[in-house]
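Novice:
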Amino acid sequence: MTADEIYSRARASYTTLVVFTDAEWHAFQQQTQIRYLARKEHFLRQGSVCTHCAYVAQGYVRHYYLVDGKEVTNDFNFENMATGGYQSLMTQTPVRFNIVAMEPTTLITFTRPTLLDLFEHYPNWQKLGRLMMEGMFNRKTLREESFLLDTPEERYQQLIIRQPFILQRVPLVYIASYLGITPETLSRIRRRK
1 MTADEIYSRA RASYTTLVVF TDAEWHAFQQ QTQIRYLARK EHFLRQGSVC
51 THCAYVAQGY VRHYYLVDGK EVTNDFNFEN MATGGYQSLM TQTPVRFNIV
101 AMEPTTLITF TRPTLLDLFE HYPNWQKLGR LMMEGMFNRK TLREESFLLD
151 TPEERYQQLI IRQPFILQRV PLVYIASYLG ITPETLSRIR RRK
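Numbering (UniProt numbering), first residue to last: 1 to 193.
1) Using three-state DSSP, classify GLU71 as helix, strand or coil.
2) What separation, rounded to the nearest whole angstrom, lies between the Cα atoms of ILE160 and PHE76?
3) Out of curiosity, what's the CA-to-CA distance linking ILE181 and LEU66?
4) Report all residues from its chain with a CB closer than 8 Å to the CB of ILE166; omit the five preceding and five following residues, and keep chain order.
5) Roughly how many angstroms separate the alpha carbons of PHE78 and ASP150, rounded to a whole number?
6) Please state the DSSP three-state secondary structure of THR185.
7) Out of PRO152, ALA82, ARG192 and GLY59, which has the shortest C-alpha to C-alpha gap to TYR14?
8) What does DSSP give as the partner residue(s) for ALA82 in the beta ladder?
9) Taking the beta strand (DSSP E) that GLN33 belongs to, which residues open and close that run?
10) Per the contact definition of three or more C-beta pairs closer than 8 Å, is the segment 21-35 in contact with the segment 81-100?
11) Check whether the Cβ atoms of PRO113 and VAL49 lie closer than 8 Å to each other.
12) In the DSSP assignment, find the alpha helix (DSSP H) that holds LEU172 and state where it starts and stops.
13) State the DSSP-derived secondary structure class of THR15, mapped to helix, strand or coil.
14) Does the distance from the C-beta atom of PRO104 to that of ALA38 stay below 8 Å?
15) How many Å lie between GLY69 and ASN80 at the Cα?
16) Under the assumption that VAL56 contacts LEU107 (Cβ atoms under 8 Å), give the Cβ distance between them as a whole number of angstroms.
17) In angstroms with no decimal places, state the Cα-to-Cα distance between LEU44 and ARG62.
18) Identify the residues that DSSP records as bridge partners of ALA101: which are they?
19) DSSP state of THR2, grouped into three classes?
20) Should PHE147 go down as buried or exposed, given a rule of 16 or more other Cβ atoms within 10 Å for buried?
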């Protein structure tokens, strides 16, 4: 994918939320960079301060924590989603999780000063930021409620309803971790369905 194709894809994706003028889009392109991650390459490591967040143009990343030496998957960000340690980016404090590419991944990256500049000078970028934060908040709330109120079977069913493609792209061991169950329990759930 060429740089023009990458930015065109991002603009088309964002247009579902906000329609940017050419000047607003040009400002974004001028202040961002394209970054390519190889499979298993980290975008962010536990203990570091996040300096860039990103739009996932192609591929996907997995967020995970290290708990007693074991990887615990917390999230996946696929095409047309944002990724990064947003809280760390804004507060300049270390993150407690890792972000790793699960397949060759193309990102459009931006820094904190870029984000603040776009928010300050372009109301549509501020609007997009708000809408994206609302979406992330809703995803996190649904996930938290699901862990508190639903059985593992119900969590699995909700996942494949919301993201049916996940079974084709994500190894089952990471899906199990994301659902808070063992791979063996996930296998039993899948056999029953």
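Note that the Cβ used here is the ideal one computed from N, Cα and C, for glycine as well.
Specialist: Reading it off the structure:
1) strand
2) 13 Å
3) 16 Å
4) PHE76, LEU159, ILE160 and ILE175
5) 24 Å
6) helix
7) ALA82
8) TYR55
9) 33-37
10) no
11) no
12) 172-179
13) coil
14) yes
15) 31 Å
16) 6 Å
17) 10 Å
18) VAL61
19) coil
20) exposed
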